[in-house]
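Notes for the one structure printed next.
Numbering (my numbering), first residue to last: 6 to 69.
So, in structure tokens, the structure goes:
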């Protein structure tokens, strides 16, 4: 994975750089947080349904 970053430093100068690998994944993860996107939003319907059901079952088990 690779993402292009454009940001302002503390002096107000615009900086452009490329992030690759795990650094790119971390940057995208943080951007998702800022935009209110959860990791589950990136899943297919089937995987999302599976994850939601798994959480529901865990909540029932923990409540017992």
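From the three backbone atoms N, C-alpha and C, an ideal C-beta is built for every residue, glycine too. Since this is a predicted model, take the numbers as computed values, not measurements.
Rounded Cβ spacing between residue i and residue j (contact assumed at less than 8 angstroms)
i          : j          : result
residue 39 : residue 21 : That pair is no contact at about 19 angstroms.
Test item: CB-CB of residue i and residue j under 8 angstroms
i          : j          : result
residue 60 : residue 33 : no
residue 56 : residue 48 : yes
residue 64 : residue 29 : no
Distance cut-off 7 angstroms: residue i Cβ against heavy atoms of the ligand MN
i          : result
residue 41 : Here there are no bound small molecules, and the ligand MN is not part of this structure.
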